[in-house]
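Sequential numbering from 517 applies to the sequence shown in the working numbering.
Structure first, commentary second.
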Amino acid sequence: MFFLLMLAFYGVLSAQVCIAYTGQPMVAGSTYCINGGYSTASGISIPEGATLIVQSGQLQASGIQVMGSLEIGDGASVKSNGSITIGVYGSNKDSRVKLGTKAFLSLTGSVIQEIQVQEDFIRANICY
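The following block contains the structure:
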């Protein structure tokens, strides 16, 4: 019985809190979620240490800057009418875009991967 209580307690502690994304500025250390779709005429910026998860539907924006993490869930999509920039120039922090099963990323602009200056090493990753 005690073991089950401990397991439940640690499960609650490690659970990821997901804040509904409605266009507010994102804060490092927080995870934001989109369900059912979201569209904005302006760009979206995901700061270092923040995560935006598109769980379902489609995210549409004029441009996306990923300095943290963008996760596109199974069957979800992201459409950018501009470019997507992944990473922070001169940073040693990882930035990533993760695509789920049957998820897609559609761009009318370019994909820009910033590099770490000291090692001339690409720190941004596109995972699929």
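The C-beta atom is built at its ideal place from N, Cα and C for all residues, glycine as well.
- Message: Taking the alpha-carbon of serine 572 as reference, which of Glu587, Ser578, Gly545, Gly539 has the nearest alpha-carbon?
- Response: Taking the Cα of serine 572 as reference, the smallest distance to any Cα among Glu587, Ser578, Gly545, Gly539 is reached at Glu587.
- Assigned secondary structure, threonine 601 (DSSP; H/G/I helix, E/B strand, else coil): Strand, per DSSP.
- Coarse secondary structure for tyrosine 548, derived from DSSP in three states: The answer is strand: DSSP assigns tyrosine 548 an E or B state.
- Task: Have a look at glutamate 635 and leucine 623 and give me their C-alpha separation to the nearest angstrom.
- Result: For glutamate 635, the predicted structure reports a pLDDT of 49, less than 50, and the residue's modelled location is therefore unreliable. A value from the coordinates is still provided. Here the alpha carbon of glutamate 635 sits roughly 29 Å from the alpha carbon of leucine 623.
- Task: Express the C-alpha separation of serine 611 and isoleucine 569 in angstroms, rounding to a whole number.
- Result: For isoleucine 569 and serine 611, the distance between alpha carbons rounds to 14 Å.
- Go ahead and pull the three-state DSSP assignment for valine 543. In the structure shown, valine 543 sits in coil (DSSP, three-state: anything other than H, G, I, E or B).
- Query: What three-state label does DSSP hand arginine 612 in the structure shown?
  - Reply: Residue state, collapsed to three classes: strand.
- Query: Along the chain, where does the beta strand (DSSP E) that runs through lysine 618 open and close?
  - Reply: Run containing lysine 618: none; DSSP gives neither H nor E here.
- Query: My guess is that serine 561 and glutamine 581 are in contact by the Cβ rule of under 8 Å, so how many angstroms apart are they, rounded?
  - Reply: With a contact defined as Cβ atoms closer than 8 Å, serine 561 and glutamine 581 qualify at about 5 Å.
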